[in-house]
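Residue numbers (numbering that gives the first Met the number 0), protein chains in the order written: chain A, 0 to 337; chain B, 0 to 263. Worksheet: the structure to be examined is printed underneath.
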Amino acid sequence: MAPLTSRRLALSIVLLLAAFALSVAVCASLGSSRYTLFDLVRRSADEETARAMILRVRLPRILMAALAGAALGAAGAVFQAVLRNPLADPYILGVSGGAALGAFAVTALGLPALAPVLPVRETAAFLGAIATVAILFLLSSARGRIVSYPMLLIGVIMNTVYLSLILLIETVVEFSRLHGVRLWMIGTIPIEEYGLILWLSVVLVAGIVGLALYGRDLNLLSAGEEAARSLGVTVERTRVVTVVLASLVTAAVVSVVGPIGFVGLIVPHAARLLFGPDHRLLVPASAVTGAIFLMLADTAARTVMAPTEIPVGVVTALCGGPFFLWLYRRRAGGGYFE
Amino acid sequence: MSDAILAARGLLFSHPGATAPLFQGLSLAVTRGQFTGIIGPNGSGKTTLLMLLSGVVAPQAGEVCLDGRPVRSIHPRERARLVAVVFQESRMLFDFTVLEIALMGRAPHLRPFSLERPQDFAAARAALREMDLADREGKRLQELSSGERQRALIARALAQEPRIVLMDEPTAFLDLKHRLQIYEILKRLNREKGLTVVTTSHDLNLAARYGSRLLLLHHGRLAADGPPDAVLTPRLLREVYETEVLIERDPVTGAPFVVPIAPL
Numbered sequence: 000m001a002p003l004t005s006r007r008l009a010l011s012i013v014l015l016l017a018a019f020a021l022s023v024a025v026c027a028s029l030g031s032s033r034y035t036l037f038d039l040v041r042r043s044a045d046e047e048t049a050r051a052m053i054l055r056v057r058l059p060r061i062l063m064a065a066l067a068g069a070a071l072g073a074a075g076a077v078f079q080a081v082l083r084n085p086l087a088d089p090y091i092l093g094v095s096g097g098a099a100l101g102a103f104a105v106t107a108l109g110l111p112a113l114a115p116v117l118p119v120r121e122t123a124a125f126l127g128a129i130a131t132v133a134i135l136f137l138l139s140s141a142r143g144r145i146v147s148y149p150m151l152l153i154g155v156i157m158n159t160v161y162l163s164l165i166l167l168i169e170t171v172v173e174f175s176r177l178h179g180v181r182l183w184m185i186g187t188i189p190i191e192e193y194g195l196i197l198w199l200s201v202v203l204v205a206g207i208v209g210l211a212l213y214g215r216d217l218n219l220l221s222a223g224e225e226a227a228r229s230l231g232v233t234v235e236r237t238r239v240v241t242v243v244l245a246s247l248v249t250a251a252v253v254s255v256v257g258p259i260g261f262v263g264l265i266v267p268h269a270a271r272l273l274f275g276p277d278h279r280l281l282v283p284a285s286a287v288t289g290a291i292f293l294m295l296a297d298t299a300a301r302t303v304m305a306p307t308e309i310p311v312g313v314v315t316a317l318c319g320g321p322f323f324l325w326l327y328r329r330r331a332g333g334g335y336f337e
Numbered sequence: 000m001s002d003a004i005l006a007a008r009g010l011l012f013s014h015p016g017a018t019a020p021l022f023q024g025l026s027l028a029v030t031r032g033q034f035t036g037i038i039g040p041n042g043s044g045k046t047t048l049l050m051l052l053s054g055v056v057a058p059q060a061g062e063v064c065l066d067g068r069p070v071r072s073i074h075p076r077e078r079a080r081l082v083a084v085v086f087q088e089s090r091m092l093f094d095f096t097v098l099e100i101a102l103m104g105r106a107p108h109l110r111p112f113s114l115e116r117p118q119d120f121a122a123a124r125a126a127l128r129e130m131d132l133a134d135r136e137g138k139r140l141q142e143l144s145s146g147e148r149q150r151a152l153i154a155r156a157l158a159q160e161p162r163i164v165l166m167d168e169p170t171a172f173l174d175l176k177h178r179l180q181i182y183e184i185l186k187r188l189n190r191e192k193g194l195t196v197v198t199t200s201h202d203l204n205l206a207a208r209y210g211s212r213l214l215l216l217h218h219g220r221l222a223a224d225g226p227p228d229a230v231l232t233p234r235l236l237r238e239v240y241e242t243e244v245l246i247e248r249d250p251v252t253g254a255p256f257v258v259p260i261a262p263l
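Okay, here's the thing in structure tokens:
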């Protein structure tokens, strides 16, 4: 892979955006009803139905999937670099689980009634995500350095605890208020208002651009913590800023779509193969690749067994689980863990 | 400006969780333009001393001054333009190429959030040529031999265009040829460009051959400090390394040559 130049950066971004637009068009043309994008321009008797189906039903869901995939892909790339663990991902680390618990707990308490004043669900999700990362950092540092191996174990434990807490709350609180919780827990893409989609896009684009701007620091961190320091990185600041931003984008989407697994694991590895390891390109590339991956996964989820829908989290877990095992075997053998 | 480019005064340092401090009031100075070797047995504090001198690690008390300024008060980016460190640990988390690794050395010269400029590519490639890696620039670190890998990391340090290079066991896992090669390159940069070089080493004879001054560490204290002839004496080495040695002459350079006889 040639080193990153402004030309290669620009070309790659254009290529990614073209692939993204193509994927949106393909996904918008697939569904249990047989309307395609062409029905939007062709004059026909059921033009109105086609328009409603594509613009009111499919497109918001596709865009929501794209946003979730973008956030999880970028967050995965960042967590892998900053925690120095190629098996890291917001789901495996428990960051998504923490966000889910936060969002779920306030929903169960009926707090979203305060929503006009404060984005309660999102804030609670963010606090859950940040608390998880703080615990990860605390428990996996030894002699002031981050040790990557115990991190996955800690993530597993945290996920189990979060799931138990969610199930406990669900048992205690009357069920009617929590309709759809089980589906949400494995990750499903809802059809949202364009207003929410717009609001989320602004938050996510800002967050992902912010993360990409720390790309060079993330590169240097992959040479080792002391090496990064000796090359002029203010490690603590880079860590705090990137972890907070990655948790923010994760929490923003988890509060809407639930904890979708493995996107943040698969996507950065695929993006690294295609675009190289330089985080200035890898972070935006993981975002767009993640958007495309989750759009396609969700389209598969709603079409494969149509009219029955599979939760998209099932699709990503079925792809991601085996991928994780394969990667673990390859990487553990390659001496990734100190 | 004084002769000391790096001066450590009253360093106190203990590793987290350690019962006794490693350094207790350690003071020393590194002379500008000198090739200094830090020697001492395992656990004597060589690596830690290097980290403290580089400013990467902070002492609990005392300070290291770089050209008279406390090194920890210099902004990390500016510090990285003055001091480069070559660590023993050479693994990269991801598959960066040799050129990308050399370009990392340009980071302290770049404005935040920017890409490398043509002059950065030129500096990185010059460093790779210096390390005889020009034809390897597209290889990933994992594809290189351990000697080439070590040279790639030294190239990254040279690309920083520092005034001081601190190296932790630069030749630890290298064979005879590559050991000599790396020390020859360092010696040349030291002579031709006035680069101040500090290396830790377990190989006393290499240290004696290339270093114009040796610091002998023993349990975190400076047991000796001076030219190789003054430091490599049977009495000092017996005390510090707990080994009976003979001191001969290196037939090529005339430097002292340590022949170990038996551990005590």
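Where a beta carbon is used, it is the ideal one built from N, C-alpha and C, also for glycine. Note that the structure is predicted; figures quoted are calculated from it, not measured.
Quiz item: What span of residues does the alpha helix (DSSP H) with alanine 9 of chain A cover, start to end?
Solution: The continuous alpha helix (DSSP H) containing alanine 9 of chain A extends over residues 5-27.
Practice problem: My understanding is that leucine 214 of chain B touches leucine 27 of chain B, with C-beta atoms under 8 Å, so please give their C-beta distance in whole angstroms. | Solution: About 6 Å separates the beta carbon of leucine 214 of chain B from that of leucine 27 of chain B, a gap short enough to meet the 8 Å contact definition.
Quiz item: Looking only at C-alpha atoms, which of A:Val132, A:Phe322, A:Tyr161 sits nearest to valine 262 of chain A?
Solution: Checked all of A:Val132, A:Phe322, A:Tyr161; the closest Cα to valine 262 of chain A is A:Phe322.
Quiz prompt | Range covered by the beta strand (DSSP E) that runs through serine 26 of chain B | solution = Its beta strand (DSSP E) spans residues 22-30.
Exercise. Taking a Cβ distance cut-off of 7 Å, strictly less, list which residues of the stretch 214-229 of chain A are near chain B, in chain order.
Key: Residues of the stretch 214-229 of chain A with a C-beta atom less than 7 Å from some C-beta of chain B are Arg215, Asn218, Leu219, Ser221, Ala222, Gly223, Glu225, Ala226, Arg228, Ser229, listed in chain order.
Practice problem: Output, in chain order, the set of chain A residues within a Cβ distance shorter than 7 Å of aspartate 94 of chain B. | Solution: Within 7 Å Cβ-Cβ: Pro276.
Exercise. Kindly list the residues whose CB is nearer than 6 Å to the CB of phenylalanine 103 of chain A, restricted to its own chain and excluding five residues on each side of it in sequence; keep chain order.
Key: Taken in chain order, the residues that qualify are Ile165.
Quiz item: For methionine 50 of chain B, which of B:Asp167, B:Glu129, B:Glu160, B:Arg105 has the nearest alpha-carbon?
Solution: Ranking B:Asp167, B:Glu129, B:Glu160, B:Arg105 by Cα distance to methionine 50 of chain B puts B:Asp167 first.
Quiz item: Can you find a CB in chain D that lies within less than 9 Å of the CB of alanine 229 of chain B?
Solution: Absent here is chain D; the protein component of the structure consists of chains A and B.
Quiz item: For the alpha helix (DSSP H) that aspartate 119 of chain B lies in, which residues bound it at each end?
Solution: Unbroken alpha helix (DSSP H) run through aspartate 119 of chain B: 117-129.
Quiz item: Is it right to say aspartate 228 of chain B is buried, meaning 16 or more other beta carbons lie within 10 angstroms of its own, or is it exposed?
Solution: Around the C-beta of aspartate 228 of chain B, fewer than 16 other C-beta atoms lie within 10 Å, and the residue is accordingly described as exposed.
Practice problem: Per DSSP, which residues does histidine 217 of chain B bridge with? Please list them. | Solution: Answer by DSSP bridge pairing, in chain order: B:Arg220.
Quiz item: Would DSSP call isoleucine 4 of chain B helix, strand or coil?
Solution: In the structure shown, isoleucine 4 of chain B sits in a strand (DSSP, three-state: E or B).
Quiz prompt | Closest Cα partner of isoleucine 153 of chain B within the set B:Thr170, B:Gln141, B:Gly137, B:Arg139 | solution = Looking at the Cα atoms, B:Thr170 is the closest of the given residues.
Practice problem: Could you tell me whether the Cβ atoms of leucine 100 of chain A and glycine 75 of chain A are closer together than 9 Å? | Solution: The answer is no: Cβ separation not under 9 Å.
Quiz item: Can you name the residues that DSSP bridges to isoleucine 38 of chain B?
Solution: Isoleucine 38 of chain B is bridged by DSSP to B:Leu215.
Practice problem: Alpha carbon to alpha carbon, how far is histidine 278 of chain A from leucine 10 of chain A? Give it in angstroms, no decimals. | Solution: A direct Cα-to-Cα measurement between leucine 10 of chain A and histidine 278 of chain A gives close to 16 Å.
Quiz item: In or out: methionine 304 of chain A buried (at least 16 other Cβ within 10 Å) or exposed?
Solution: With fewer than 16 Cβ atoms within 10 Å of its Cβ, methionine 304 of chain A is classed as exposed.
Quiz item: Where does the unbroken alpha helix (DSSP H) through phenylalanine 256 of chain B begin, and where does it stop?
Solution: It is not in any alpha helix (DSSP H) - phenylalanine 256 of chain B instead sits in the beta strand (DSSP E) that spans 255-262.
Quiz item: Which class does glutamate 136 of chain B belong to by DSSP, given the choice of helix, strand or coil?
Solution: In this structure, glutamate 136 of chain B counts as coil in the three-state DSSP scheme.
Quiz item: For the stretch 87-95 of chain A against the stretch 216-230 of chain A, are there 3 or more C-beta pairs whose distance is under 8 Å?
Solution: Here the stretch 87-95 of chain A makes no contact with the stretch 216-230 of chain A; the two share fewer than three CB pairs at distances below 8 Å.
Self-check item: Backbone secondary structure at methionine 166 of chain B - three-state DSSP
Solution: Three-state DSSP puts methionine 166 of chain B in a strand.
Self-check item: Other residues of its chain near arginine 124 of chain B: CB distance less than 8 Å, five sequence neighbours each side excluded
Solution: Same-chain partners within the cutoff: Leu98, Ala101, Ala133, Glu136.
Quiz item: Does arginine 279 of chain A come within less than 9 Å of chain B when only Cβ atoms are used?
Solution: It does: the Cβ of arginine 279 of chain A has a partner Cβ on chain B nearer than 9 Å.
Quiz item: From threonine 187 of chain A to glutamate 235 of chain A, what distance separates their C-alpha atoms?
Solution: Taking the straight line from one Cα to the other gives about 35 Å.
Self-check item: Which of helix, strand or coil DSSP assigns to valine 63 of chain B
Solution: If DSSP states are grouped into helix, strand and coil, valine 63 of chain B belongs with the strands.
Quiz item: Do you know offhand how far tryptophan 325 of chain A's Cα is from valine 232 of chain A's?
Solution: Near 33 Å, if we compare the C-alpha coordinates of valine 232 of chain A and tryptophan 325 of chain A.
Quiz item: Taking a cut of 7 Å between CB atoms, which residues from the stretch 257-274 of chain A lie near chain B?
Solution: Taken in chain order, the members of the stretch 257-274 of chain A whose beta-carbon sits within less than 7 Å of a beta-carbon on chain B are Arg271.
Quiz item: Around the C-beta of leucine 167 of chain A, are 16 or more other C-beta atoms found within 10 angstroms, so that it is buried, or is it exposed?
Solution: Classification of leucine 167 of chain A: exposed, given that the 10 Å Cβ count is below 16.
Quiz item: What residues of chain B sit near glycine 312 of chain A, judged by a beta carbon separation below 9 Å?
Solution: Residues of chain B passing the Cβ test: none, with the nearest at roughly 28 Å.
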